[in-house]
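These notes concern the structure reproduced below.
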Amino acid sequence: MDSNFHIDNEKIYEEVFNILAELAVEPWDYLQVSGAILNKNLSEVMTIQGSSEGRIEDIPIGWKIFDIQDLVIHLRKMFLESTGQRIWGFKFDFFKSGKFTAQFDYEKPINFDEEDDFIN
Numbered sequence: 000m001d002s003n004f005h006i007d008n009e010k011i012y013e014e015v016f017n018i019l020a021e022l023a024v025e026p027w028d029y030l031q032v033s034g035a036i037l038n039k040n041l042s043e044v045m046t047i048q049g050s051s052e053g054r055i056e057d058i059p060i061g062w063k064i065f066d067i068q069d070l071v072i073h074l075r076k077m078f079l080e081s082t083g084q085r086i087w088g089f090k091f092d093f094f095k096s097g098k099f100t101a102q103f104d105y106e107k108p109i110n111f112d113e114e115d116d117f118i119n
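In numbering that gives the first Met the number 0, the protein residues as written are 0 to 119.
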């Protein structure tokens, strides 16, 4: 992978975090977003905030979903161009410490309809 991939990649994670952090309500210890990546949009997106006490709440993201969608689809494009692998799902965990984890699913969903761009 070239060095630009890493830099762009980091910027995308930072932007996703900024969107979630702006909408989350204190107190929280971690923020999470996950979903399926279709051809032109995201599906089954979940956004949550959690605390060390075990409290988990939904982060209502409203129209910001489209900002996250654009970032994740761009990330998928960069991965495909750099590695040749298509990402079908993602999960990002962001922690107050500044650390984060990123997990990706490289398996195409069984019921994915490429013509209509949705999962049955």
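Think of the CB as a built atom: it goes at the ideal place given N, C-alpha and C, for glycine as much as any other residue.
Below 7 Å CB to CB, which residues in the same chain sit around residue i once its five sequence neighbours on both sides are set aside?
i: L63; result: In the sequence under discussion, the amino acid at residue 63 is Lys, which differs from the Leu named in the question. Hits under 7 Å: I18, L22.
i: D164; result: With the chain covering 0 to 119 only, the question about residue 164 has no answer from this structure.
Secondary structure at residue i, three-state DSSP: helix, strand or coil?
i: K90; result: strand
i: S81; result: helix
i: D66; result: helix
i: V24; result: coil
i: V41; result: Going by the sequence as given, residue 41 is Leu instead of Val. Correct three-state label for L41: strand.
Using CA atoms only, rank isn't needed, just tell me which of the options is closest to residue i.
i: L74; options: N110, K90, E43, K95; result: K90
Whole angstroms is fine: what's the gap from residue i's alpha carbon to residue j's?
i: S42; j: D69; result: 13 Å
i: V44; j: G97; result: 23 Å
i: G83; j: M77; result: 9 Å
i: I67; j: G53; result: 26 Å
Output the boundary residues of the beta strand (DSSP E) element that contains residue i.
i: E56; result: 55-57
i: S50; result: Element bounds for S50: n/a, residue is neither H nor E.
i: S33; result: 29-36
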